[in-house]
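Student:
There are 2 protein chains.
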Amino acid sequence: MAGLKQVQRQTGVALWRQIADRIREAIGNGAYDETGMVPPETVLALQFGVNRHTVRSALAALAQEGIVRAVQGRGTLIERKERLNFPITRRTRFTAGIGDQARETRGLLLDEAQEEASAEIARWLGLKQGEQVIRLETLRHADRRPVSKATSWFPAERFAGIGEAYRKHESITKAFAELGLADYIRATTEVTAAHAATADLADLELTPGAILLIAKAMNTDLDGVPVQYSISRFAADRVQFTIEN
Amino acid sequence: MAGLKQVQRQTGVALWRQIADRIREAIGNGAYDETGMVPPETVLALQFGVNRHTVRSALAALAQEGIVRAVQGRGTLIERKERLNFPITRRTRFTAGIGDQARETRGLLLDEAQEEASAEIARWLGLKQGEQVIRLETLRHADRRPVSKATSWFPAERFAGIGEAYRKHESITKAFAELGLADYIRATTEVTAAHAATADLADLELTPGAILLIAKAMNTDLDGVPVQYSISRFAADRVQFTIEN
DNA sequence: TTCAAATGTCTATTGATATAGACAACTATA
DNA sequence: TATAGTTGTCTATATCAATAGACATTTGAA
Numbered sequence: 001m002a003g004l005k006q007v008q009r010q011t012g013v014a015l016w017r018q019i020a021d022r023i024r025e026a027i028g029n030g031a032y033d034e035t036g037m038v039p040p041e042t043v044l045a046l047q048f049g050v051n052r053h054t055v056r057s058a059l060a061a062l063a064q065e066g067i068v069r070a071v072q073g074r075g076t077l078i079e080r081k082e083r084l085n086f087p088i089t090r091r092t093r094f095t096a097g098i099g100d101q102a103r104e105t106r107g108l109l110l111d112e113a114q115e116e117a118s119a120e121i122a123r124w125l126g127l128k129q130g131e132q133v134i135r136l137e138t139l140r141h142a143d144r145r146p147v148s149k150a151t152s153w154f155p156a157e158r159f160a161g162i163g164e165a166y167r168k169h170e171s172i173t174k175a176f177a178e179l180g181l182a183d184y185i186r187a188t189t190e191v192t193a194a195h196a197a198t199a200d201l202a203d204l205e206l207t208p209g210a211i212l213l214i215a216k217a218m219n220t221d222l223d224g225v226p227v228q229y230s231i232s233r234f235a236a237d238r239v240q241f242t243i244e245n
Numbered sequence: 001m002a003g004l005k006q007v008q009r010q011t012g013v014a015l016w017r018q019i020a021d022r023i024r025e026a027i028g029n030g031a032y033d034e035t036g037m038v039p040p041e042t043v044l045a046l047q048f049g050v051n052r053h054t055v056r057s058a059l060a061a062l063a064q065e066g067i068v069r070a071v072q073g074r075g076t077l078i079e080r081k082e083r084l085n086f087p088i089t090r091r092t093r094f095t096a097g098i099g100d101q102a103r104e105t106r107g108l109l110l111d112e113a114q115e116e117a118s119a120e121i122a123r124w125l126g127l128k129q130g131e132q133v134i135r136l137e138t139l140r141h142a143d144r145r146p147v148s149k150a151t152s153w154f155p156a157e158r159f160a161g162i163g164e165a166y167r168k169h170e171s172i173t174k175a176f177a178e179l180g181l182a183d184y185i186r187a188t189t190e191v192t193a194a195h196a197a198t199a200d201l202a203d204l205e206l207t208p209g210a211i212l213l214i215a216k217a218m219n220t221d222l223d224g225v226p227v228q229y230s231i232s233r234f235a236a237d238r239v240q241f242t243i244e245n
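Residue numbers (the UniProt record's numbering), protein chains in the order written: chain S, 1 to 245; chain X, 1 to 245.
#1: Less than 8 Å between C-beta atoms, sequence neighbours within five positions excluded: which residues of the same chain meet that for residue 67/X?
#2: Just checking my contact of residue 11/S with residue 209/X at CB under 8 Å: how many whole Å lie between their CB atoms?
#3: Taking C-beta pairs closer than 8 Å, name the residues in chain S that residue 16/X reaches, listed in chain order.
#4: Where does residue 38/S fall in DSSP's three states?
#5: Going along chain S in order, which residues have a C-beta closer than 8 Å to the C-beta of residue 193/X?
#6: Going by CA-CA distance only, name the one from 126/X, 58/X, 138/X and 147/X that's closest to residue 164/X.
#7: Can you find the residues in the same chain that come closer than 7 Å, C-beta to C-beta, to residue 63/X, ignoring five residues on each side of it along the sequence?
#8: Skipping 5 residues on each side, what residues in its chain have a beta carbon closer than 6 Å to that of residue 232/S?
#9: Just reading off the beta strand (DSSP E) that residue 136/S is part of, what are its end residues?
#10: Would you give the residue range spanned by the beta strand (DSSP E) that residue 21/X belongs to?
#11: Check whether the region 224-241 of chain S touches the region 116-131 of chain S, counting contact only when three or more Cβ pairs, one atom from each stretch, lie closer than 8 Å.
#12: Do residue 141/S and residue 167/S count as a contact pair if the criterion is CB distance below 8 Å?
#13: Please classify residue 85/S: is it buried, with 16 or more other beta-carbons within 10 angstroms of its beta-carbon, or exposed?
#14: CB-CB under 6 Å to residue 1/S, same chain, minus the five flanking residues each way: which ones, in chain order?
#15: Candidates 183/X, 194/X and 207/X: which alpha carbon is nearest residue 220/X's?
#16: With a 10 Å radius around its C-beta and 16 neighbouring C-beta atoms as the bar for buried, classify residue 235/S as buried or exposed.
#17: Would you call residue 155/X buried or exposed, if buried means 16 or more other Cβ atoms sit within 10 Å of its Cβ?
#18: List the endpoints of the continuous alpha helix (DSSP H) containing residue 62/S.
#19: Check the C-beta distance from residue 198/X over to residue 61/X and give it rounded, since I have them as a contact under 8 Å.
#20: What is the DSSP secondary structure of residue 70/S, reduced to helix, strand or coil?
#21: Which residues in chain S sit within 8 Å of residue 132/X, going by Cβ to Cβ distance?
#22: Between residue 175/S and the rest of its own chain, which residues show a CB-CB distance below 7 Å, the 5 nearest in sequence each way excluded?
#23: What does the Cβ neighbour count give for residue 195/S, buried or exposed, with the cut at 16 atoms within 10 Å?
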């Protein structure tokens, strides 16, 4: 588990960024829980086989993210460490899934629009291409930290006013309930990973090079009729998915 | 979908690498399927807002990976494009899951060892810490391209000789069968994403900064007794997971 | 054959990245 | 109150990353 931590040169990814990513990950995995501190700069420099100044650049980046805080004379303290678990089941709901792990969850409506369904959206929602759909851009927080950004599409006819309902309740489940859909089922989830797009970086408070876990999900009502298709982007260092079969 | 492709400066990730990652992703998503070619360098330079030489660095990297091939006077042709779908269900098996999408799958045994179960492994396999387990390091290919690298643990007493059986059959399912376990069930899967570790980069033929989809999975026999715990690392640009509920 | 469009090559310059060394400033503890 | 251990700051140097411009070479179509 220990061993020489390695980085690669001349790959277009600066050493300080590789090291920052590794340390962030190690913190997330609880590697430094005993001391609550990152090892001294000289030790890290030795471990990664780089100059101490390079390690300092990495730690400066992590300090900028609010993950560590350096104290002269003492060391570099771990400020924040989180990895939420997000279960994916037939009853997957964001708020309920995260709810027991965070004191407070919020759902922000960033944008709302009615538009014609693209071929892909139409396929997922069982509509014809060009039929009207409502698109919501939402940003979900847990304990005041952004966790995921999602784009969702709903059949416009059936769910007119869902934007307003979401803005009020800050929850898809409650918005559905207000519009007469008491229950729904997660039918399909596709999971991929990718580098974050610029637009998502800012909202999720990430730095470039950061990784997103991307879940493309389709929900149906109890009769199996599609009610929602969504593409959710999660900050990979803050979330893991669990699939229980 | 079109719009200005964006890259960020002074983030420790070189522009040419960001651009290479975006283009690789776009190719994987079928963005250039109509022409079978990447847009001209000057067009890409305009789209990304960088100098043509920077785009050339990105394309050179992709050519190195064997994804594109530049032909003077014509353009830059797409050589390879793949994204396998990996379904996660109660009956998840690598070979069967990928089998219908690739002409040929292989499973290579990189390493085998018998060791004492760590606290985590023991918990997953329902053993006591320190009990003997067999660890296999395997590398799985589809159509001669590496797809995933996995570390698996098995209770040593019950599955003595599983390394040899895997080496022979190149399949966990068949190795289990040889040892008297005719059927098994995927009980739990945890999905995360992370930057690839150096050791995995080489085996999976990836470049640093590349993303892994990581699946931590536990399989049980039909009585619910754990038979395998594994951590599989997939090249994120070649694979997606599908969870059907 | 001609020409537009595309990739290939070269030179030059600037800023970011990484290394190296020296020393200052601060903290906790013996 | 020393002192070891830690982070903070400064200078200097070499290499990588990015931009800029000019021109050569190849291809495919008019």
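Even for Gly, the Cβ is constructed at its ideal location relative to N, Cα and C.
Tutor: So, to answer that:
#1: 24, 27, 78, 79, 80 and 81
#2: 7 Å
#3: 12
#4: strand
#5: 193, 211, 212, 213 and 236, listed in chain order.
#6: 138/X
#7: 69 and 70
#8: 148, 150 and 215
#9: 132-142
#10: Where residue 21/X is concerned, there is no enclosing beta strand (DSSP E), although the alpha helix (DSSP H) it sits in stretches over 15-28.
#11: yes
#12: For residue 167/S and residue 141/S, no; Cβs fall outside 8 Å.
#13: By the neighbour-count rule (16 or more Cβ atoms within 10 Å), residue 85/S is not buried but exposed.
#14: Note that residue 1/S has pLDDT 33, beneath the 50 cutoff, so the model's placement of it is unreliable and no number is given.
#15: Cα-wise, what sits closest to residue 220/X is 183/X.
#16: Counting of Cβ neighbours within 10 angstroms places residue 235/S among the buried residues, the total reaching 16 or more.
#17: buried
#18: 52-64
#19: Contact doesn't hold; Cβ gap of about 18 Å is too wide.
#20: strand
#21: The contacting residues do not exist; residue 132/X stays about 19 Å from chain S at best.
#22: 162, 165, 166 and 169
#23: Classification for residue 195/S: buried.
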